[in-house]
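**Q**
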Amino acid sequence: MLDNNDARLGRVDMINGPVINARGMRNFAMREMVRIGEKRLLGEIIRMDGDSATIQVYEDTQGMRVGEEIEGSGESLSVSLGPGLIGGFFDGIGRPLAALLDKEGMYITPGIEVPMIDPEKAWEIKPVAAAGDMVTAGTLLGTVQETGLVLHRVICPSNIEGELTWVVPEGRITSGGVVARVKVASGKEVDVPLTQRWPVRTPRPYRDRLLPDEPLVTGQRVIDGLFPIAKGGTAAIPGGFGTGKTVTQHQLAKWSEAQIVVYIGCGERGNEMTDVLEQFPVLEDPRSGRPLMERTILVANTSNMPVAAREASIYTGITIAEYFRDMGYDVALMADSTSRWAEALREISGRLEEIPAEEGFPAYLPSRLAEFYERAGRVVTQYGENGSVSIIGAVSPPGGDFTEPVTRHTKRFIRCFWGLDKNLANARHFPAISWLDSYSEYAKEVEEWFGANVEPKWGELREKSRAILLEDEKIQQVIRLVGEDVLPDDQRLLAYTAFLVKNGYLQQAAFGSDSYSPPSKGFAILDLIMHFYDRGMELVRQGVPISLIRENEAVENLTHLREIQSDDKSSFDDARTKLDNHLNRVETERTREQGGAE
Amino acid sequence: MPLSEYVGISEVNGPFILIENTPDAFFGELVDVGVPGGKTRRGRVVSLSEKATLVQVFGGTDKLVPNETRVRFLNRALDISLAANIVGRKFNGLGEPTDGCGPVFGGRRIDANGMPLNPMARQYPKDFIHTGISAIDTLTTLIRGQKLPIFSGNGLPHNQLAVQIATQARLMTSENFAVVFAGIGIKHDDAEFFMRELSEKGRSNNIVTFLNLADDPVIERIATPRMALSAAEYMAYELGMHVLVIITDMTSYCEALRELGVAAGEVPSRKGYPAYLYSDLASLYERAGVVRGVSGSVTQLPILTMPNDDITHPIPDLTGFITEGQIVLSRDLDGKGIYPPIDVLTSLSRLMKDGIGKGFTRDDHPGVASQLFASYSRVQDVRSLAGVVGEDELSKTDKSSLEFGGLFENKFLRQGTDEDRDIGFSLDMGWEILSALPKGDLTRLSLDEIKEHIKEDTE
């Protein structure tokens, strides 16, 4: 959309860091993307007042002069959606970082223009629809095998409806190519491109919303076992620095049972993204054996990249996630960290001299957070299949204080809260998810699924282990005051069982063979520990001293069960036999003693 | 293009001056500000509109007479002149030579603000840097290309520790090693200490120094770390050197930033610091790393003093969110006379997971480190219990925990300021002190590792 007059040419009239002011902007649109000056920096109009407009600039403004020209693009901040996204790595405004590297070298120089998806890239397409078919939003037109793991469904976009007059033949197509031609109600023929554009701040439509009742299995015992998340659910991971937010997010990105993973690095470290880039192509998906990169998309605006693009990265990521959801896939989106996004809002708001609400954050912070988290959900897509977007957002509260505005408001819009505990992290108990502060509102909703698919006793075990952990907290307070020895034996057994649960079950290394722990393995461990507790309690009631029950290799080894490979059932059986033998022996000795005494 | 010069300014406010009608100025442009008979000061455009330009003057605005002040726009941004011969030289906080050897010969002007590194260009840092300090090598391993700050407090031996790291640091492979030292608002005595120690220990010929002393203009502190990091990047990526950057004290830098923000009338955020403190610090700390296909690297060791030893204060807090870990010094350990007084529980190296273990240090390293953390963490609980019930009342396990705590602090942690320990030596010592504990407590080690390293009790 180009105008052939000067009506759409503005001029810079004030520069204040990433926020600039321009005049001659009467014919531009609110939220329109613009190119500024000689360097053609990318910006977005965020406020309009008569002839003047305020623009947030997505690139470094050093070197900009008053009077430089501003040119409109005719669209709001949008991303390209089509085959070629999987395995890609994009910056906050959707520029492919690999292409930037080829073009400009190791530094990101301002003003570079590179298409998000290379239009020349070739694919093999299999058409499904045929000329003469009636199509509407959501009709499947064809498929492209994008990677070994992902079949890309090319679906009729929501603004097109009518009769197909032409469909691409099976075979080669480029990303810039046309898939089909549709005769719409007005009689006009429209092209359906393989790569479509979508404005990132607008949620993509779906047919209906479903209740989240299927768990998103994560392979992390503390999550699957105690605080599960559902497909289409929302979760927050708050924690001070060094508590393991990023490692937990990486773990979820690696092992979650999602078909697509979108990982957003928002205002975080460059090396963390490099870590993902180097690891994911070599790590295998435990279910298919294919490289994890074949289902992963990375979006990153690291902390040293311009702040306005950091604000945009969250929307870029969620739009991509929704696009794959619309093909009927379960998508997991990790945003690390939503606090940096909130701070970007604060920074821009400060430059606009808006009246701040709490701690300098703008008053619209809660509504922005709500808009973002509400884009998660399990839905019936326009295509007719069920798809979901689950959002897991890291929160970085200053000083690890969970009462600060971002954490507090986030809690209002999520249903799963995995609070990270500084003391656990200091003792290197990872994942440092606190079993006292955390909660999951999905636990009841997904219980049926776990019961049917993994282990009928799932709910029971969960309740029991949580009760033991909570009771243990009270006992620990007493122990801190008077020591363990003075406690009655039943309490000491409970405290010891809690020790086993913490060290043998909840603790899970992010590296090595225990990094992914299928629910069946977790339940095997927990079941055995609870078995020990039940039998131990019987013996304690018979008057057996705790030291006799506890001091045996078979018991101590309960903290090493996680070293057993998940499919090695015989080792678990072996551990159970040894444990039972020990407890039986203790019991017989006790009975004999009593017999002797009588 | 001839440089434009204006006479007369319309407003002076703290470190800022306002100049009217400067059509050619650009955002971030450098200016020279002078009064007749006075020394020329450097300044930078921080905001501009059609009517007026706001300039931040390094060196302060004292004695400026608005009518007579001359402002010359230099048509370039904050930059530094760099060449291969900078190694061994000394500069002030603005990157001007102060060692009397004249300007940098044949230098190339480089934008001191740097540019964001494309994350695709980075290589994930994995190479172990030997520091010879048990607590660091074993538990908070320094990796080449890492940014690992020292969180300290006033009066703690952070300078001594930084010197020890700088002099003992050895890369397992390459020898092309250099140090860039940036002093921000530091005391003359501290600067003197660094220079003396580093030259005595044979590091003076490959060190580049940037000094902004405590009595130098506060505003120059904004430029100092940028100058130092530009030099480091130049040495690493163009000269292929492995550069260790020591920046002290980051707290002075943040204070300067706050002073400036308040003077500019910005909306303050936590504790009066500007809302962009995180982004600003990130623009410095992120200038560390290893680049694919380039032989050099930049490793950062910034030092900051925590105000009132408070780790939740915005300066250490935001730093911890950006850097790849932290080494925290403890007043408590220092009081016990233990050097280095590293509080290992709150210290962390985020990059160590990939730089230790098989093929890097030793197979057993991850297990030993994890177990030492877990066991030492328990020592703290037992000590507070012993404080209540008395040591005699403790259980056998708790008593062994106390014994372990003592060994950990006095054998493992404590070492001389010149003592250079090998990693193998440190790990063996780790096993030795762990054997003070009952085997049932060693939950972080695998059964195989325990069998291999801990001798069976004979009792």
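Chains W and V supply the protein sequences, listed in that same order. Count along the first sequence starting at 1, add 573, and that's the number in our numbering. Count along the second sequence starting at 1, add 3, and that's the number in our numbering. Ideal Cβ placement from N, Cα and C applies to all residues, glycine included. If you're wondering where the values come from, they're calculated on a predicted model, not measured in any experiment.
Give the secondary structure of V/P310 by DSSP, where H, G and I count as helix, E and B as strand, and everything else as coil.
**A** helix
**Q** In the DSSP assignment, what residue or residues form a beta bridge with W/C839?
**A** Answer is W/N874, bridged to W/C839.
**Q** In whole angstroms, give me the CA-to-CA distance for V/K454 and V/K442.
**A** 10 Å
**Q** Between W/I733 and W/V765, which are expected to be in contact by the criterion C-beta below 8 Å, what is the C-beta distance as a whole number of angstroms?
**A** 6 Å
**Q** Run down chain V in chain order and give the residues with a C-beta less than 9 Å from the C-beta of W/V953.
**A** Result: empty, since nearest Cβ-Cβ is about 37 Å, beyond 9 Å.
**Q** Measure from the C-beta of V/G433 to each C-beta in chain W and report whether the shortest distance is under 9 Å.
**A** no
**Q** What distance in whole Å lies between the Cβ atoms of W/H1155 and W/V1128, which are believed to be in contact at a cut-off of 8 Å?
**A** 7 Å
**Q** Going by the CB atoms, is the gap between W/M606 and W/E642 shorter than 9 Å?
**A** no
**Q** Give me, in chain order, the residues of the same chain whose beta-carbon lies closer than 7 Å to that of V/F30; leave out the 5 immediate sequence neighbours on both sides.
**A** V48, L51
**Q** For V/A185, collect the residues of the same chain with a Cβ closer than 6 Å to its Cβ; drop the 5 residues on either side in sequence, then sort them by chain order.
**A** F213, T227, P228, A231, I250
**Q** When the cut-off is 9 Å and only beta carbons count, does V/V34 lie next to chain W?
**A** Residue contact with chain W for V/V34: absent (no Cβ-Cβ distance below 9 Å to any residue of chain W).
**Q** Any contact of the segment 597–613 of chain W with the segment 628–644 of chain W, i.e. 3+ C-beta pairs under 8 Å?
**A** Yes: at least three Cβ pairs fall under 8 Å.
**Q** Give the interface partners of W/M637 over in chain V, defined as CB-CB distance under 7 Å, in chain order.
**A** The answer, in chain order, is F29, F30.
**Q** Would you kindly check if the distance between the Cβ of V/R353 and the Cβ of V/E327 is under 9 Å?
**A** Yes, Cβ-Cβ distance for V/E327 and V/R353 is below 9 Å.
**Q** Taking any Cβ of chain W, which residues in the segment 224–244 of chain V have a Cβ under 7 Å from it, in chain order?
**A** The residues in question: there are none.
**Q** Taking contact to mean at least 3 C-beta pairs separated by less than 8 Å, is the segment 294–309 of chain V in contact with the segment 812–823 of chain W?
**A** no
**Q** Where does the unbroken alpha helix (DSSP H) through W/T889 begin, and where does it stop?
**A** 880–898
**Q** Run through the DSSP bridge pairs and tell me what V/A55 is partnered with.
**A** Per DSSP, V/E23.
**Q** Going by C-alpha distance, which of V/D35, V/V58, V/P39 is nearest V/R45?
**A** V/D35
**Q** Is there a C-beta anywhere in chain W that falls below 9 Å from the one on V/H316?
**A** yes
**Q** With distance defined between alpha-carbon atoms, name the residue in V/Y379, V/P344, V/I168, V/R173 nearest to V/E200.
**A** Answer by Cα proximity: V/I168.
**Q** Between the C-alpha atoms of W/V592 and W/E632, what's the straight-line distance to the nearest angstrom?
**A** The straight-line gap from Cα to Cα measures roughly 10 Å.
**Q** Which residues in chain V have a C-beta closer than 8 Å to the C-beta of W/A671? List them in chain order.
**A** M123
**Q** Between W/G973 and chain V, is the shortest Cβ-Cβ distance under 9 Å, so that the two count as touching?
**A** Yes, contact with chain V.
**Q** Is the shortest distance between the beta-carbon of V/Q329 and the beta-carbons of chain W less than 9 Å?
**A** yes
**Q** Quick one: residues in its chain with C-beta nearer than 8 Å to the C-beta of V/Y379, no 5 flanking neighbours on either side, listed in chain order?
**A** V347, L348, F407, G408, F411
**Q** Rounded to whole angstroms, how far is the Cβ of W/G660 from the Cβ of W/M846, which I believe are closer than 8 Å?
**A** Not quite, the Cβ-Cβ distance comes to about 14 Å (not below 8 Å), so this is no contact.
**Q** DSSP puts W/W696 in a beta bridge; with which residues?
**A** W/I746
**Q** Starting from V/A80, trace the beta strand (DSSP E) both ways and give me its first and last residue.
**A** 73–80
**Q** For a contact defined as C-beta to C-beta under 7 Å, what are the partners of W/V1055 on chain V?
**A** V392
**Q** Is W/G583 close to chain V? Criterion is C-beta to C-beta, closer than 9 Å.
**A** no
**Q** Taking a cut of 9 Å between CB atoms, which residues from the segment 122–150 of chain V lie near chain A?
**A** No chain A appears in this structure, whose protein chains are W and V.
**Q** Kindly list, in the order they appear in chain W, the residues whose Cβ is closer than 8 Å to that of V/S333.
**A** Correct list: empty, because the minimum Cβ distance to chain W is about 13 Å.
**Q** Taking the alpha helix (DSSP H) that W/R1065 falls in, what are its first and last residues?
**A** From DSSP, the alpha helix (DSSP H) with W/R1065 extends over 1062–1073.
**Q** Please list the terminal residues of the continuous beta strand (DSSP E) segment that includes W/N594.
**A** 592–596 is the span of the beta strand (DSSP E), which, as asked, contains W/N594.
**Q** If you reduce the DSSP assignment to three classes, tell me which class V/P220 lands in.
**A** coil
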